[in-house]
Structures are given as structure tokens and as C-alpha cells.
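**Q**
Protein chains: 2
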Amino acid sequence: MRSLLSDLILHRLEKATGNNLHQRLYQALRLAILDASITPGSRLPASRDLAAQLEISRNTVLAAYEQLQAEGYIQTRAGSGTFVNADLPEDGINAEAVPAKHSSSANLGQLSERGAKLLGRTGVAPHQWGAFMPGVPDVTRFPHEIWRKLQNRLNRKLDPRYLSYSRHGGGLALQQALTDYLRVARSVNCTPEQILITAGSHEAIDLLAKVLCDQGDTAWIEEPSYWGIRNILSINGVVMQPIPVDENGMDPPDIAENQTPPRLICVTPSHQYPLGSVMSLARRQRLLSLAVQHGSWIIEDDYDSEFRYSGSPIPALQGLQPDAPVIYIGTFSKTLFPGMRVSYVVLPRGLAAKLKIAHSELYRGGNGLTQLTLAEFIREGHYGAHIRRMRLSYGKRRNALAKMIEQELGKEFLCEFSSAGLHLILALPERIDDVALSAELEQKGVLTRALSGYYMRSTSRRGLILGYGCVDIPQMEAAFNILCACLKQRL
Amino acid sequence: MRSLLSDLILHRLEKATGNNLHQRLYQALRLAILDASITPGSRLPASRDLAAQLEISRNTVLAAYEQLQAEGYIQTRAGSGTFVNADLPEDGINAEAVPAKHSSSANLGQLSERGAKLLGRTGVAPHQWGAFMPGVPDVTRFPHEIWRKLQNRLNRKLDPRYLSYSRHGGGLALQQALTDYLRVARSVNCTPEQILITAGSHEAIDLLAKVLCDQGDTAWIEEPSYWGIRNILSINGVVMQPIPVDENGMDPPDIAENQTPPRLICVTPSHQYPLGSVMSLARRQRLLSLAVQHGSWIIEDDYDSEFRYSGSPIPALQGLQPDAPVIYIGTFSKTLFPGMRVSYVVLPRGLAAKLKIAHSELYRGGNGLTQLTLAEFIREGHYGAHIRRMRLSYGKRRNALAKMIEQELGKEFLCEFSSAGLHLILALPERIDDVALSAELEQKGVLTRALSGYYMRSTSRRGLILGYGCVDIPQMEAAFNILCACLKQRL
Numbered sequence: 017m018r019s020l021l022s023d024l025i026l027h028r029l030e031k032a033t034g035n036n037l038h039q040r041l042y043q044a045l046r047l048a049i050l051d052a053s054i055t056p057g058s059r060l061p062a063s064r065d066l067a068a069q070l071e072i073s074r075n076t077v078l079a080a081y082e083q084l085q086a087e088g089y090i091q092t093r094a095g096s097g098t099f100v101n102a103d104l105p106e107d108g109i110n111a112e113a114v115p116a117k118h119s120s121s122a123n124l125g126q127l128s129e130r131g132a133k134l135l136g137r138t139g140v141a142p143h144q145w146g147a148f149m150p151g152v153p154d155v156t157r158f159p160h161e162i163w164r165k166l167q168n169r170l171n172r173k174l175d176p177r178y179l180s181y182s183r184h185g186g187g188l189a190l191q192q193a194l195t196d197y198l199r200v201a202r203s204v205n206c207t208p209e210q211i212l213i214t215a216g217s218h219e220a221i222d223l224l225a226k227v228l229c230d231q232g233d234t235a236w237i238e239e240p241s242y243w244g245i246r247n248i249l250s251i252n253g254v255v256m257q258p259i260p261v262d263e264n265g266m267d268p269p270d271i272a273e274n275q276t277p278p279r280l281i282c283v284t285p286s287h288q289y290p291l292g293s294v295m296s297l298a299r300r301q302r303l304l305s306l307a308v309q310h311g312s313w314i315i316e317d318d319y320d321s322e323f324r325y326s327g328s329p330i331p332a333l334q335g336l337q338p339d340a341p342v343i344y345i346g347t348f349s350k351t352l353f354p355g356m357r358v359s360y361v362v363l364p365r366g367l368a369a370k371l372k373i374a375h376s377e378l379y380r381g382g383n384g385l386t387q388l389t390l391a392e393f394i395r396e397g398h399y400g401a402h403i404r405r406m407r408l409s410y411g412k413r414r415n416a417l418a419k420m421i422e423q424e425l426g427k428e429f430l431c432e433f434s435s436a437g438l439h440l441i442l443a444l445p446e447r448i449d450d451v452a453l454s455a456e457l458e459q460k461g462v463l464t465r466a467l468s469g470y471y472m473r474s475t476s477r478r479g480l481i482l483g484y485g486c487v488d489i490p491q492m493e494a495a496f497n498i499l500c501a502c503l504k505q506r507l
Numbered sequence: 017m018r019s020l021l022s023d024l025i026l027h028r029l030e031k032a033t034g035n036n037l038h039q040r041l042y043q044a045l046r047l048a049i050l051d052a053s054i055t056p057g058s059r060l061p062a063s064r065d066l067a068a069q070l071e072i073s074r075n076t077v078l079a080a081y082e083q084l085q086a087e088g089y090i091q092t093r094a095g096s097g098t099f100v101n102a103d104l105p106e107d108g109i110n111a112e113a114v115p116a117k118h119s120s121s122a123n124l125g126q127l128s129e130r131g132a133k134l135l136g137r138t139g140v141a142p143h144q145w146g147a148f149m150p151g152v153p154d155v156t157r158f159p160h161e162i163w164r165k166l167q168n169r170l171n172r173k174l175d176p177r178y179l180s181y182s183r184h185g186g187g188l189a190l191q192q193a194l195t196d197y198l199r200v201a202r203s204v205n206c207t208p209e210q211i212l213i214t215a216g217s218h219e220a221i222d223l224l225a226k227v228l229c230d231q232g233d234t235a236w237i238e239e240p241s242y243w244g245i246r247n248i249l250s251i252n253g254v255v256m257q258p259i260p261v262d263e264n265g266m267d268p269p270d271i272a273e274n275q276t277p278p279r280l281i282c283v284t285p286s287h288q289y290p291l292g293s294v295m296s297l298a299r300r301q302r303l304l305s306l307a308v309q310h311g312s313w314i315i316e317d318d319y320d321s322e323f324r325y326s327g328s329p330i331p332a333l334q335g336l337q338p339d340a341p342v343i344y345i346g347t348f349s350k351t352l353f354p355g356m357r358v359s360y361v362v363l364p365r366g367l368a369a370k371l372k373i374a375h376s377e378l379y380r381g382g383n384g385l386t387q388l389t390l391a392e393f394i395r396e397g398h399y400g401a402h403i404r405r406m407r408l409s410y411g412k413r414r415n416a417l418a419k420m421i422e423q424e425l426g427k428e429f430l431c432e433f434s435s436a437g438l439h440l441i442l443a444l445p446e447r448i449d450d451v452a453l454s455a456e457l458e459q460k461g462v463l464t465r466a467l468s469g470y471y472m473r474s475t476s477r478r479g480l481i482l483g484y485g486c487v488d489i490p491q492m493e494a495a496f497n498i499l500c501a502c503l504k505q506r507l
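So the sequence lines, in the order shown, correspond to chains A and B.
Quick note, the working numbering runs 16 ahead of the 1-based positions in the first sequence.
Quick note, the working numbering runs 16 ahead of the 1-based positions in the second sequence.
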């Protein structure tokens with residue numbers, strides 16, 4: 017079976033012009049690198065594999081690779097393969113390309129420029145379960161029996177409205193239950209009317225990018241940050257400005273007189289993703305006053321702060337001052353299970369009615385029965401109980417994993433800004449290629465993510481993101497042994 | 017409570033400049049009409065109501081309305097109110113406005129230009145249940161007991177993967193069940209790998225608009241067409257070219273040498289929405305050859321063709337020739353219930369892998385248990401049985417409603433291109449304002465949609481779309497009596 021990359025190359029190859037096959041292959045690869053369909057730092061297939069997949073001679077592939085290497089597009093690292101050079105001129109990579117007009121009859125099979133760019137920067141992992149898949153909770157511990165009984169009870173007297181499209185941004189019962197829960201657990205101040213239920217936080221971010229931003233508007237995003245937000249902002253034409261993060265969270269820069277202020281400021285203040293730092297009070301206040309002054313919207317993604325293992329919970333930015341320009345996003349993907357596809361947005365008063373209508377227009381909500389069941393699940397205390405139970409369990413797993421890292425590799429390998437969430441970062445020396453290491457581990461059945469992939473710029477830290485949510489300690493130990501063996505060969 | 021329209025006006029008013037309030041109000045309204053935030057043909061609030069909502073004097077509103085009327089922006093119709101003129105220069109309405117740059121500190125509370133435009137053209141109804149809500153099936157007849165038993169059985173041996181994010185574009189069991197069903201029922205030829213499960217067809221269209229089109233690319237859409245597709249294409253920067261529909265469906269025009277061919281061609285060939293015509297074989301073949309020649313993708317939205325009451329089922333365009341450039345969209349919203357939020361896309365072979373990855377990146381799928389249950393529901397024959405049962409029932413309702421129209425109003429009020437789907441069109445003489453009639457009926461609890469709202473251009477037919485899916489015959493009779501009384505006053 018052909019890989020996606022070789023599929024892409026084959027596609028470009030069919031369109032390329034040139035005297036002979038190796039020149040056409042060279043040109044197809046070069047253009048794919050320049051328009052970032054193949055991302056900087058990514059590994060090219062081995063010449064033997066690419067030749068087999070494209071059904072051409074290996075010498076042709078080698079000739080094309082040699083030319084690309086001579087011109088500085090790619091480099092070969094002994095023992096690990098051929099990689100796209102990470103130091104390509106930044107303009108050529110990050111700039112939004114002006115969409116080339118498709119010539120007629122050649123369109124077929126082609127994606128749009130923005131679509132091709134998305135596929136050149138994919139973040140979703142092919143696997144979603146197993147050590148150390150980050151961001152996935154232990155769904156086997158979800159109390160199905162309680163859920164099923166609630167659902168059966170509600171099903172008996174079900175109003176047909178719950179089976180139709182949703183109105184008013186979701187079910188009122190869930191909006192009310194969330195209002196109470198968020199006030200107590202997250203210091204979020206809102207009324208049920210401010211809550212919009214979405215099918216996941218990606219849908220929420222897509223809505224905000226469309227309805228609050230136009231093409232070419234700027235958003236500040238954290239550096240490093242979650243790949244998902246980058247993809248969604250980018251495909252909606254929003255220009256991203258990466259803002260560095262340190263142990264106090266995002267460090268908001270000054271905005272000069274002649275500068276266009278950001279339309280959106282995307283932050284994870286309770287537990288920075290992926291580094292884990294907590295935004296300090298001074299930074300929070302500064303961010304709020306910048307946003308008020310310049311008319312920016314802050315998007316606070318509070319994706320997993322329910323799981324905090326030491327210290328007191330960090331109140332949400334949303335509740336820090338009345339009517340703050342903050343749009344708060346929360347999700348049940350981490351606290352219950354991702355496949356439920358229920359997230360929620362707490363909207364500022366002035367935006368709520370409009371964004372609920374826009375949401376209906378663009379996505380049409382539904383899942384009324386799930387929302388009703390979830391409301392009962394929260395109101396009867398099962399949600400809080402499940403979180404407390406899982407917090408204990410995840411805390412133990414976290415400690416066990418941290419101990420493995422410290423004992424087997426040393427304290428310097430543990431990057432620890434805070435003690436929360438569902439993942440740890442295994443810090444690596446700069447000379448270690450985290451992307452190559454993660455790829456090698458994946459072939460051995462160990463799922464990790466390379467930290468450098470969370471950065472937009474090439475000045476990135478190296479490390480592996482290790483999720484401890486979805487498997488128990490003995491499984492983690494087995495996977496960690498494989499990880500150590502691979503890593504130690506590179507140290 | 018302020019209406020959305022007065023909210024919009026208030027917003028524009030705050031930004032408007034002028035010597036006195038009525039000039040500022042005039043300016044705010046004029047700009048909102050010009051950028052189509054207030055759509056042509058729509059009714060403005062009565063001066064008394066707008067004055068009360070904006071907390072200004074009624075004379076101020078009257079002065080602004082008078083100026084707008086003098087300049088030809090609005091017109092007053094005796095007994096029915098003040099309306100935005102439908103004959104505004106077309107360029108000013110349909111052209112994609114160049115986004116104005118937001119000035120700093122004035123942003124707060126503002127939507128983006130594309131967001132404001134969306135809210136000026138909303139299509140979602142505030143109610144989703146009752147006579148004659150179109151597009152909603154009778155969810156009370158859904159076999160809950162069978163569904164619950166299936167779900168309980170599957171839940172007992174549930175793999176944690178079904179509770180996590182989806183991979184490969186959805187659950188394989190559902191993809192397989194759909195492949196078999198679609199081949200037999202809809203003459204769709206595909207393998208399970210070509211099927212992508214989405215959370216509703218809006219998500220599917222959003223994905224296609226993003227990944228197959230760039231800003232400024234053209235899509236052909238039917239005139240009239242479903243409001244949802246227009247909103248989604250528009251907010252993704254796709255320029256729409258409305259193509260007239262007759263009793264043989266969309267009539268594809270020639271594409272001249274110097275013309276840019278459409279990137280997408282959006283059609284409802286089995287049952288045109290909302291007029292109901294079936295695309296003729298000659299038109300289908302012409303459309304396919306145009307698409308192949310010019311490299312366009314045809315999007316075939318087969319939203320309710322399961323319900324056909326006479327004649328044989330119309331095979332899908334997708335299966336008409338091997339490897340046709342057709343992307344087929346189907347949904348369970350009409351056959352089971354809309355709140356389920358499960359639709360599916362049959363992708364051409366060359367696009368399948370890429371679009372599945374793009375879907376994961378942008379929306380992350382899930383709902384694994386629902387998909388698994390649905391697969392069993394189809395495989396065990398419950399799906400086919402439910403469709404047959406409902407087809408009988410809807411057929412009776414349709415006949416009853418058609419008879420009411422013929423007997424009470426006359427045959428000329430029945431627009432009948434075909435005998436399928438979940439709605440009928442009550443055709444109205446051109447002098448009747450269908451928007452105003454529909455608004456009056458809504459206030460009396462009778463839900464309809466004005467046919468003219470489905471047109472992009474002002475040369476539209478008048479009529480009311482009457483759904484007969486969601487209520488029984490006695491309820492329809494009661495609602496029809498109210499409708500007749502209102503209509504007869506205008507005839």
C-alpha cells in the first residue's frame with residue numbers, strides 16, 4: 017500500500033514537466049517542499065521504499081534526492097534517514113500562498129491550496145489508544161452502568177424535540193448543570209444563556225475563527241501550542257503569531273501604535289498545552305487589559321484542568337473580572353470520553369445570541385438525548401465523583417511514570433512546570449531528533465509525540481510527550497522499557 | 017427583548033457618524049442593506065417597535081425610514097409593513113465585500129464581516145417541531161426499543177477504541193453496512209474505504225468547501241437551493257453561481273473558453289431541493305461530461321430520496337459511470353432522526369484517504385457506539401423496515417395534504433414536480449408576499465418556509481414549503497385551516 021506522502025508525490029509527478037523521470041521527480045519534490053506540502057524537518061521515504069511505491073527504479077529516486085541535497089532542500093543524517101531541511105527560508109514556508117488558479121481539466125484529483133497545506137501539516141495520530149497516547153483518558157473506567165440507567169429512564173418520557181436539531185445552542189438542562197458546575201469547580205461566572213454546546217472543541221474553534229475573524233486577521237497563539245488550533249485557524253485564513261511561553265505561561269508582548277492588534281488571543285492559562293505551565297496572575301491581568309484596550313477576544317481553552325494533583329485548582333481567566341472579553345472552552349473529551357463529542361463554550365453576554373444562531377446555521381446541533389443524560393449525570397453528582405476517582409488514579413500513574421523517568425534516565429529528563437493534566441514531557445537534549453525517535457518508537461508499538469512538532473518556528477525544544485491517561489502502570493512499564501532502549505542508543 | 021435585527025442596527029448605530037441621531041440611523045440601515053446584513057426582500061421592524069427596542073423616539077425612526085424610502089432602499093406595502101427593496105443593484109448584494117480592517121479598541125462586540133453576513137442571511141428556523149416544519153421526520157415513530165436493545169448488547173463487549181476519537185473516517189462496521197445498503201437501495205458503487213462518516217451533512221459540505229476550494233473559487237448551486245449550503249460555501253469564501261432549475265433539474269450552461277470552470281457543482285438530482293424535480297438522464301450525462309472535461313467535482317446531496325411514493329427509485333448520479341467525479345452525501349437525519357447527527361460521504365477513490373485525514377484534523381470524529389449500533393440496525397434489516405413503514409405513512413400524509421390544497425384552494429396551488437420527500441410546495445400567485453405570509457403564520461403557530469427565500473436572485477417564485485413529516489393528519493388539518501384563513505385574506 018502506498019503511503020500518503022508517496023501518494024502526494026505521485027500526484028505532483030503526474031503534473032510535473034521535464035525531460036526525464038528523475039528531473040520530474042526532483043521538481044515534484046522541490047515544489048512540495050516549497051509549498052510546505054512536505055513539512056520542514058519531516059523524513060522522506062527511504063529511496064528503496066519510494067521507488068517501490070512509485071514503481072520506478074531506485075536510481076531515479078537517488079538521482080532526484082542527490083539533486084535536492086546538493087541544492088540544500090534535504091539532508092541525510094547517518095543512521096536515521098533523509099530529512100527535509102528545517103532551515104528553509106521562513107517566508108517560503110509560513111506565508112499564506114496566494115491561491116494559484118486551477119487550470120481547467122487538470123483540477124481533477126487535486127485538493128485546494130489550503131487543503132494541500134493542511135495535509136502537509138497533519139497532527140492527528142493514526143492510533144488513539146495505548147501507551148503513551150497523549151490526550152486520551154482511561155475510557156474503560158467510565159461508569160457505563162450508571163449512564164445506561166440514566167439514559168433508559170430519560171428515554172421513557174422523551175420529548176420529540178430532543179431527537180430533532182438543537183435550538184438555543186443546546187439543551188437547557190445541560191446548560192444549567194454546566195453553569196452550576198463551572199461556577200463551583202472552575203470559578204467561571206455565567207448564566208445558562210451564555211453556554212453553547214458543540215460537537216467537540218474543534219467545532220467551537222472553527223466557529224470562532226469564522227464568525228469573529230476575517231481572512232488575514234491575526235491571532236496570537238502560544239508557542240508551543242496544540243496542533244489542532246493551528247490547523248483550524250490556518251484553513252480559515254487567520255494569520256498566526258506565535259507568542260513564546262515560559263514557566264508563567266504566555267508572555268504577551270506590547271502592541272505598538274502602528275501595529276494591528278490581534279483579533280484573537282488563544283491561551284491555555286490553567287495548564288499550558290503541551291508544556292504544562294500555569295499563567296501567573298500578573299500575566300493574566302496584563303492579558304485582560306491588553307484585550308480590553310485593543311478589542312481582542314481571548315479564547316481560553318481549559319481542556320484538562322480538572323486533573324490537578326497538587327496545589328489548589330487554578331480559577332479560570334474567564335471569572336477574573338466581570339464581563340471579561342474571554343470565550344471559555346471546556347470539554348468532556350478528557351473527563352469522560354473523547355468519542356462522546358460534547359464540548360461547551362461560555363460566551364460573553366454580547367456574543368451569546370449571535371454565536372448560537374451562527375452555530376445552528378453552520379453545523380446544526382443535535383444529540384439531545386446525550387445532552388439530557390449528561391445533565392442528569394452532572395446533577396446527580398456522578399460527574400464530580402468520576403473526576404475525583406480518576407484524579408486519584410491518574411495521579412498514581414503520573415507519579416509512577418515520573419519515577420521511571422527519574423530512575424532510568426535522570427531528573428534532567430523530566431520537564432515539569434506543573435502537576436496537572438494527562439501527560440508528562442520527557443525532555444531531550446537538543447542533539448536528539450525527537451521526530452525520528454518518536455517515529456522509531458511508533459514502529460515498535462509505543463505511541464508518543466515529538467515536542468518539536470508543537471512549535472511553529474524552528475527554534476524548538478526537543479522532547480517526547482507521554483500520555484499516562486489511557487493505560488495502567490504495568491503497561492506503561494513495558495512501553496517505557498522499549499522507549500529507554502531506543503533512547504539510550506541515541507544518547 | 018431586542019430582536020436580532022435591532023441588535024444589529026444598534027451595533028451599526030454605535031459606529032455610525034453623523035450630525036444627529038436620525039442621520040446616523042439612516043446611515044447604519046443603509047450600510048446594513050448594502051452589505052446584505054439585512055437581506056433584500058426582508059421586512060424591517062415597525063417604526064414603533066424599532067423605536068422601543070433602540071430606546072429612541074419613533075419620529076427619529078420615521079425620519080430615517082423616509083429618507084431610505086426616498087432613495088429607493090426600502091418600500092412600504094399597505095397593510096404588510098416596510099420591506100427592503102428586492103431590486104437593489106445585484107453587484108452590491110452578492111459580491112463578496114472586501115473585509116474592512118477593524119480599527120483597534122472598536123472591535124469588541126463586533127463580529128467579522130463574514131460572520132455578520134452569515135447572521136444577515138440566517139436560514140435556521142427558531143422552531144424544529146410541529147406542522148408544517150419542513151425537513152423534519154416523525155421521530156416519535158423511531159423504534160427506540162430495538163435501538164436500545166442493540167446498544168445494550170454492543171455495550172457489553174465494547175472495545176475502548178469505540179469511545180475514543182474515530183480513525184479511518186468512521187467505524188468500519190458502519191462503512192461496510194452502508195456500502196451494501198447504498199449499492200442495493202441507491203445504485204451507489206463504492207468500497208467501505210470510500211465512506212467517511214460525518215456529524216451531519218453541514219460538516220461534510222464544510223470539509224469539501226475547505227479542502228477542495230480556495231477563497232474565490234466558484235461553485236455552481238441550484239436556483240433555488242437549500243439555505244445551508246449557501247451559508248457554508250459563502251463563509252468559506254466560495255463564490256456561488258446560481259444555475260436555474262426546471263422540471264428536469266439543474267440545466268448546466270456551457271462553459272466558454274475564457275471562463276473559469278466551477279470547482280464544485282452542487283446538485284440534488286434525485287429530488288431537487290426544494291422544488292422536487294428529478295434530473296433527467298440527458299442532463300445527468302451532460303453534467304458528468306462537463307465535470308470530467310473541466311475538472312470539477314459534483315457534490316450530489318441525496319438527502320431524502322428514500323421516500324418516493326410513486327414510480328421507481330431514481331439511481332444516484334454517483335453510480336452512473338465508473339469513477340465519476342461525484343462526491344455523494346447521504347444522511348440519517350431524514351430516515352431516522354436529525355438529532356442523531358450522523359451523515360456520510362462517499363468519496364471518489366483518489367480523494368478518500370486525503371479527505372479522511374483532513375476530516376480528522378479539522379473535526380475529529382467520534383460517536384463510535386452510535387455508529388456501531390447503526391451498523392447493526394442496518395444489517396439486521398431494521399433500517400429498511402423502518403423506511404418502508406415510514407414511506408407508507410408519509411405517503412398518506414402527503415396525499416392528505418395535497419387533497420387539502422386542491423379542495424380548499426385549487427389545483428393551481430399545488431406545485432408538483434415529483435412525488436417524493438417530506439414536503440410539498442404550496443404555489444402562490446406572484447403578487448402574494450410569501451415572506452410576510454410565512455411570518456404571519458408563524459405568529460399563529462403554523463410553521464412554513466417562504467419559497468422565495470431559497471433563491472439567491474430576486475426573480476423568484478412565490479410559495480410556501482409545507483413539511484408533512486413530523487405531525488399526523490388531524491394536526492395538519494388544524495394547521496391548514498389557519499393557513500387557509502390567512503391566505504384567503506390576501507388573495
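Beta carbons are placed, not taken as given, at the ideal position from N, Cα and C, and that holds for glycine.
For clarity, every value in this text was computed on a predicted model and none was experimentally measured.
Between GLU219/A and chain B, is there a C-beta pair that is closer than 8 angstroms?
**A** Chain B, which has a Cβ nearer than 8 angstroms to the Cβ of GLU219/A, makes this yes.
**Q** Does any C-beta atom of chain B lie closer than 8 angstroms to the C-beta of GLN301/A?
**A** Not closer than 8 angstroms to any Cβ of chain B, the Cβ of GLN301/A fails to qualify, so no.
**Q** Which ranges would you report for the alpha helix (DSSP H) in the region 158-222 of chain A if only whole runs of at least 4 residues count?
**A** Within the region 158-222 of chain A, the complete alpha helix (DSSP H) runs of at least 4 residues are 160-172 and 188-202.
**Q** Among the residues of its own chain, which have a CB less than 7 angstroms from the CB of ALA495/A, if the five just before and after it don't count?
**A** Counting only Cβ-Cβ distances below 7 angstroms, and skipping sequence neighbours, we find ALA147, PHE148 and VAL462.
**Q** Unbroken beta strand (DSSP E) runs of length 3 or more, entirely within the region 422-491 of chain A: which are they?
**A** Counting whole runs of 3 or more residues, the region 422-491 of chain A contains the beta strand (DSSP E) stretches 439-444 and 478-483.
**Q** Quick check on PHE353/A: does DSSP put it in helix, strand or coil?
**A** Of the three classes helix, strand and coil, the one that applies to PHE353/A here is coil, per DSSP.
**Q** Out of LEU352/A, CYS282/A and ARG183/A, point me to the one whose CA is closest to GLU239/A's CA.
**A** It is CYS282/A.
**Q** For SER119/B, does the count of other Cβ atoms within 10 angstroms reach 16, so buried, or fall short, so exposed?
**A** Interpretation of SER119/B is limited by its pLDDT of 34, a score under 50 that renders its predicted location unreliable; the figure taken from the coordinates is listed afterwards. Under this definition SER119/B is an exposed residue.
**Q** I'd like to know whether the C-beta of ASN274/A is nearer than 8 angstroms to at least one C-beta of chain B.
**A** Not one chain B Cβ lies under 8 angstroms of ASN274/A.
**Q** Could you name the residues of chain A that THR156/B contacts, counting a contact when the two beta carbons are closer than 7 angstroms?
**A** Correct list: PRO176.
**Q** Would you tell me roughly how many angstroms separate the C-alpha atoms of VAL204/A and ARG357/B, rounded to the nearest one?
**A** Going by the C-alpha atoms only, they are around 29 angstroms apart.
**Q** Show which residues of chain B have a CB atom less than 7 angstroms away from the CB atom of LEU127/A.
**A** Within chain B, the residues near LEU127/A are VAL227, LEU228 and LYS370.
**Q** Which residue from PRO329/A, VAL255/A and SER286/A puts its Cα closest to that of THR276/A?
**A** If we check each option's Cα against that of THR276/A, VAL255/A comes out closest.
**Q** Are SER63/A and TYR42/A closer than 8 angstroms when you measure CB to CB?
**A** Not a contact, by the Cβ cut-off of 8 angstroms.
**Q** Tell me the start and end of each unbroken alpha helix (DSSP H) in the region 245-311 of chain A that is at least 4 residues and wholly inside, in chain order.
**A** Runs found: 297-310.
**Q** Is it the case that the Cβ atoms of PHE99/B and SER58/B are separated by a distance below 8 angstroms?
**A** Taking 8 angstroms as the Cβ cut-off, PHE99/B and SER58/B qualify as a contacting pair.
**Q** Quick one: complete alpha helix (DSSP H) runs, 4+ long, within the region 28-66 of chain A?
**A** Segments of the alpha helix (DSSP H) lying fully in the region 28-66 of chain A: 37-50.
**Q** Do PRO278/B and SER250/B have their CB atoms nearer than 8 angstroms?
**A** Their beta carbons are not under 8 angstroms apart, which means PRO278/B does not touch SER250/B by this criterion.
**Q** Between LEU228/B and the rest of its own chain, which residues show a CB-CB distance below 7 angstroms, the 5 nearest in sequence each way excluded?
**A** So the qualifying residues of the chain are ARG279, LEU280 and TRP313.
**Q** For the beta strand (DSSP E) holding PHE393/B, just list the boundary residues, first then last.
**A** Where PHE393/B is concerned, there is no enclosing beta strand (DSSP E), although the alpha helix (DSSP H) it sits in stretches over 384-395.
**Q** Between GLY335/A and SER434/A, which are expected to be in contact by the criterion C-beta below 8 angstroms, what is the C-beta distance as a whole number of angstroms?
**A** 20 angstroms between Cβ atoms; not a contact.
**Q** Hey, out of PRO56/B, VAL77/B, TYR379/B and SER96/B, whose CA is closest to ASP65/B's CA?
**A** It is VAL77/B.
**Q** Alpha carbon to alpha carbon, what distance is there between GLY136/B and VAL261/B?
**A** Going from the Cα of VAL261/B to the Cα of GLY136/B covers about 25 angstroms.
**Q** Taking only beta-carbon positions, decide if PRO105/A is within less than 8 angstroms of chain B.
**A** With a pLDDT of 41 at PRO105/A, under the threshold of 50, the modelled position of that residue is not reliable, and the figure given next carries that caveat. Closer than 8 angstroms: no.
**Q** CB-CB under 6 angstroms to PHE429/B, same chain, minus the five flanking residues each way: which ones, in chain order?
**A** Excluding residues within five positions, the ones whose Cβ falls inside 6 angstroms are ILE421, LEU442 and ALA443.
**Q** Could you name the residues of the region 392-417 of chain A whose beta carbon sits closer than 8 angstroms to any beta carbon of chain B, in the order they occur along the chain?
**A** Listed by position along the chain: nothing, the set is empty.
**Q** I want to verify the contact list: residues of chain A whose CB lies under 7 angstroms from the CB of LEU212/B, in sequence order.
**A** Result: empty, since nearest Cβ-Cβ is about 14 angstroms, beyond 7 angstroms.
**Q** Under the three-state reduction of DSSP, which class applies to TRP236/A: helix, strand or coil?
**A** Residue state, collapsed to three classes: strand.
**Q** Can you pull the chain A residues whose beta carbon is under 8 angstroms from the beta carbon of ILE373/B, in chain order?
**A** Correct list: LEU20, LEU135, THR138 and VAL140.
**Q** Contact defined as beta carbons within less than 8 angstroms: I believe ALA369/B pairs with LEU223/B. What is the distance between those atoms, to the nearest angstrom?
**A** Not a contact, Cβ separation roughly 14 angstroms.
**Q** Return the residue from the list THR284/A, LEU367/A, ASN101/A and GLY479/A that minimises the CA-CA distance to ALA436/A.
**A** Per the Cα distances, THR284/A.
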